[in-house]
Structure formats: structure tokens, C-alpha cells
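Chemist: The structure follows.
Numbering (the numbering used here), first residue to last: 69 to 488.
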């Protein structure tokens, strides 16, 4: 008898082509729109940068350094010390270092094109916005900077940076590069002054390899939203089945079943299994389309099946509770409220629209208490390649949630003689 009731419920929803199509088509359409509207913003690569940066010098750096050398040569000191200072200063040219070692670095050369312009061209360059950033070197900059370094004094020498307000991202990178350059110059001067110049390590001297600490695969935006939409729309199965069950009571189908000496609990059980089977079928169809159209695949099919089964049973439990409430209060208001309000709240907390769990641990905890949130966390954890030990708690919770829903439904379902 349970099999016949399950078959009846399945045929009922399949024959309603509008609802059946909506439950399958809507999540696919939303995933399709999200896929091509925002792409994989969650895990996109570093954006390509191709920016032009200009540098204008109001002085000749070699002349500045030579001027400082000439002044130092007039100071009373050993000839050997003079020669050492002269050799060191000849190779210490801050602006040339900025050009060659900063913007001339192998990786930065691929992102920035450094062009030298004359002071007469700077106004035109600013007005016509020819460059993302313009670095202006004032007169006597290198002279003041190196002199303050030698005598441990304070330097008023400053670079001026003009940026294109429409290129904030790139402009901020240039600003950070200059700040790093300033810190590097300060560090080198301190080490040089204290006779520790050999301890200074230049970036190009650092050798190494980058290894990923995590051995799991990242989740693409497409996979995230495919899961998010599926676990949200599968909840509509519960409200739909609750409404169908109440419609059967309204047109006295339920009464005829009771007159046929069929237990109300068999009918109740049939509703649970029918809802779970339809939910499972919906998940399989949705993920099947996502695998073919969007390339969404699962590292472990067994985990995928277990999670889908857990989510489907939870949906069956919710459908049973909604049916019981509808029967008790002689109205399908419970199904209406669940589909119009509660599912939206669950979807938000569960992360179907956005990974709100990243905002705080409390939000993530609340999200995992929802059936869709627990299912989504399990799906995404499995999609990253984690083992069963990382997802079994979500499966246990989904089973406990199902049991609680069924017990609540049994308690709520009107007893014989109490229904109108």
C-alpha cells in the first residue's frame, strides 16, 4: 500500500508540468545566469595589469652624487676613507635603483612600462591622462637623500606621485611600491651606517619555490552556485508536497483512503517517501545537467550520493511536518509561509546567495543548522576532495534533522476524530 501511495504522489507532481518544470528549470536558469554574469569571482586569478608609468627628473642624479662626493672630499679624513666613500657613492643612486631594480624587476616589467619624460611634458601628461601614475623627482633629491643617510640627518627630499583616479587598483600598487622602496632605502642606510651592509638581502637574491599547503581543490564559483541553487530549490519540493497533500484532503481523497481501511500513518509515510524520492530525483537531474553543461564534477561519487540522500530525507521530513500542520489547521498556510519566507531565510543563512559563513563563526553555525546549509557545506567539502571524516558530521545532522521533523509531524498530525 505504501508503494501505491508513493506512486500516486509521484504521478501527481509529474503530471503538473508547470510545477515540475519550474522546480527543475529555475535553478538551472539561475546557475546559467550567474555563471555568465559574474563568472568565477570567488576564485578569480590576479587581474592582468598593463599600465604605463612615467618618471620625470628635475635634476641629474649623477651630478647630484658627484656634487656630494666633491663636498666630502673636502672634509679632513684619510685618503683611504675618501676613496672608499667615493666608490660607494658612485654605485649608490636611489633613482637608478628605482628604475632598474624595482620597475625593472622581471615580474614588474610584465605589468608596468616605465617611461622617462621631461619636466616640460608633465602638465600635458597629467591633463591628457597618458599615464596611470607619474613619479616626479624634485631637484637635488638624490643629493639630499644620500647626504642625510651619511650624516644621519633628516631629509626633506620627497617624491611626488600623481595618479589616475580612474585606475585606483593599479595606482595603489605603484604607491605601495614606492613605500616599499622608501623602506628599503632606509634599511640599507641604517645597515650601512652601522657597518652591517653585508646583512642586507635584495629581493632578487632570494631563491625559493612556492608550494600549496592545502592539498584540496578550490571550489569554483560555478560549482558554488550550482550547489547553492540546488539545495535551495530542493526545499520547494517540501512546500509543494505539503500543498498537494492538503489538496487531497480538501477534495476528500484522504477521507476515501481512510474509508478503504488504510491507516493515516501509511498515508503519512507515503508522503514522506514520495517527497524524499522526488527531491533525490531533482538533485540528480540538476547535478547531471551541471556536469554536462558547466563541468561540475565530484571527486568522490559515493560521498555525493550519501549527501544527496541525506538532503532528500531532510526534505521528506519537512514535507511531512508541513502536511501535518496543514491538516491540523485546515489550511495550506504553512506551505505558503515556508515557500515564500522560510526558504529565503534558510537560503541566506545557508549561503546559497553568498558565502555569508565567512562573515562570522556565528553566521556559519546558524547556516549549518539549516538543512540546505548543512547539505551545502557537505557538498562543497566533498567537492574540494576532503575525506568522509570531514563530512560525516553533516550527514549525521541531516539524519537527526529528519528524525526531529518526523517526530514533530507525528505529534502535530491530528488524531482520529479530531480533524474537521
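In this text, a Cβ means the ideal position worked out from N, Cα and C, and glycines have one as well.
For residue 295, count neighbouring C-beta atoms within 10 Å of its own C-beta (all shown protein chains included) and say buried if the count is 16 or more, exposed if not.
Modeler: Position 227 of the chain shown, counting from 1, holds the residue named residue 295. The residue is buried, with at least 16 neighbouring Cβ atoms inside 10 Å.
Chemist: Given a cut-off of 8 Å on the beta-carbon distance, is the pair residue 340 and residue 464 in contact?
Modeler: Here residue 340 refers to the residue found at position 272 of the chain shown. Here residue 464 refers to the residue found at position 396 of the chain shown. The answer is no: Cβ separation not under 8 Å.
Chemist: Taking residue 298 as the reference, give the member of 133, 455, 445 and 121 with the closest Cα.
Modeler: As a first step, residue 298 must be located in the chain shown, where it is residue number 230. With distances taken between Cα atoms, residue 298 lies closest to 445.
Chemist: Which same chain residues end up closer than 6 Å to residue 314 when comparing Cβ atoms and leaving out the 5 residues on each side of it in sequence?
Modeler: Stepping through the chain shown from its first residue, residue 314 is reached at position 246. Excluding positions up to five away in sequence, the list reads 394 and 400.
Chemist: Indicate the three-state DSSP secondary structure (helix, strand or coil) for residue 477 in the structure shown.
Modeler: Here residue 477 corresponds to residue number 409 of the chain shown, with the count starting at 1. Residue state, collapsed to three classes: helix.
Chemist: Tell me which same chain residues have a C-beta within less than 6 Å of the C-beta of residue 389, skipping the five on either side of it?
Modeler: Looking up residue 389 in the chain shown gives position 321. Closer than 6 Å at the Cβ level, and outside the excluded window around residue 389, lie 473, 476 and 477.
Chemist: Per DSSP, which one or two residues make a beta bridge with residue 228?
Modeler: By one-based count along the chain shown, residue 228 stands at place 160. In DSSP, residue 228 forms a bridge with 204.
Chemist: Please report the residue range of the alpha helix (DSSP H) in which residue 315 lies.
Modeler: The residue you call residue 315 lines up with position 247 of the chain shown. It spans 303-318 - the alpha helix (DSSP H) in which residue 315 sits, taken as one unbroken run.
Chemist: Taking just the CA atoms, how far does residue 178 sit from residue 247?
Modeler: The count along the chain shown starts at 1 and reaches residue 247 at position 179. The count along the chain shown starts at 1 and reaches residue 178 at position 110. Spanning the two alpha carbons is a distance of roughly 20 Å.
Chemist: Mind checking who residue 130 pairs with in its DSSP beta bridge?
Modeler: Here residue 130 corresponds to residue number 62 of the chain shown, with the count starting at 1. None; residue 130 has no bridge partner.
Chemist: Let me know the secondary structure DSSP gives residue 143 once reduced to three states.
Modeler: Locating residue 143 in the chain shown gives position 75, counting from the first residue. Of the three classes helix, strand and coil, the one that applies to residue 143 here is coil, per DSSP.
Chemist: Determine whether the beta carbon atoms of residue 375 and residue 459 lie at a separation below 8 Å.
Modeler: Indexing the chain shown from 1 puts residue 375 at position 307. Indexing the chain shown from 1 puts residue 459 at position 391. Yes.
Chemist: Looking only at DSSP bridge pairs, what is residue 362 linked to?
Modeler: By one-based count along the chain shown, residue 362 stands at place 294. According to DSSP, residue 362 bridges with nothing at all.
Chemist: With a cut-off of 8 Å on the beta carbons, I'd call residue 119 and residue 238 a contact; round off their distance for me.
Modeler: Taking the chain shown and counting its residues from 1, the one referred to as residue 119 is at position 51. Taking the chain shown and counting its residues from 1, the one referred to as residue 238 is at position 170. With 8 Å as the limit, residue 119 and residue 238 qualify as a contact, their Cβ atoms being about 5 Å apart.
Chemist: Out of curiosity, what's the CA-to-CA distance linking residue 290 and residue 210?
Modeler: Working through the chain shown from its first residue, we reach residue 290 at position 222. Working through the chain shown from its first residue, we reach residue 210 at position 142. Each residue's Cα considered, the two are about 53 Å apart.
Chemist: Using a threshold of 8 Å, state whether the C-beta atoms of residue 205 and residue 227 are closer than that.
Modeler: By 1-based counting over the chain shown, the position of residue 205 is 137. By 1-based counting over the chain shown, the position of residue 227 is 159. In this structure, residue 227 lies closer than 8 Å to residue 205 by Cβ.
Chemist: Among 331, 292, 346 and 231, which has the Cα closest to the Cα of residue 75?
Modeler: Translated into positions along the chain shown, residue 75 becomes position 7. Here the closest residue by C-alpha is 346.
Chemist: When the distance is taken between beta carbons, is residue 392 closer than 8 Å to residue 469?
Modeler: For this step, residue 469 is matched to residue 401 along the chain shown. For this step, residue 392 is matched to residue 324 along the chain shown. Contact flag unset, no.
Chemist: Can you name, in chain order, every residue of its own chain whose Cβ lies under 7 Å from the Cβ of residue 360, other than the five neighbours on each side?
Modeler: Against the chain shown, residue 360 aligns to sequence position 292. Correct list: empty, nothing qualifies.
Chemist: Given a cut-off of 8 Å on the beta-carbon distance, is the pair residue 331 and residue 407 in contact?
Modeler: Residue 331 sits at position 263 when you count from the first residue of the chain shown. Residue 407 sits at position 339 when you count from the first residue of the chain shown. Their beta carbons are not under 8 Å apart, which means residue 331 does not touch residue 407 by this criterion.
Chemist: Which residues mark the beginning and the end of the beta strand (DSSP E) in which residue 178 is found?
Modeler: The residue you call residue 178 lines up with position 110 of the chain shown. Residue 178 -> no beta strand (DSSP E), and no H or E assigned at all.
Chemist: What does the alpha-carbon distance come out to for the pair residue 146 and residue 139?
Modeler: The sequence position of residue 146 within the chain shown is 78, counting from 1. The sequence position of residue 139 within the chain shown is 71, counting from 1. Using only the alpha carbons, I get a separation of about 15 Å.
Chemist: With distances taken between CB atoms, is the gap from residue 371 to residue 456 smaller than 8 Å?
Modeler: Taking the chain shown and counting its residues from 1, one reaches residue 371 at position 303. Taking the chain shown and counting its residues from 1, one reaches residue 456 at position 388. Yes, these two residues count as a Cβ contact at 8 Å.
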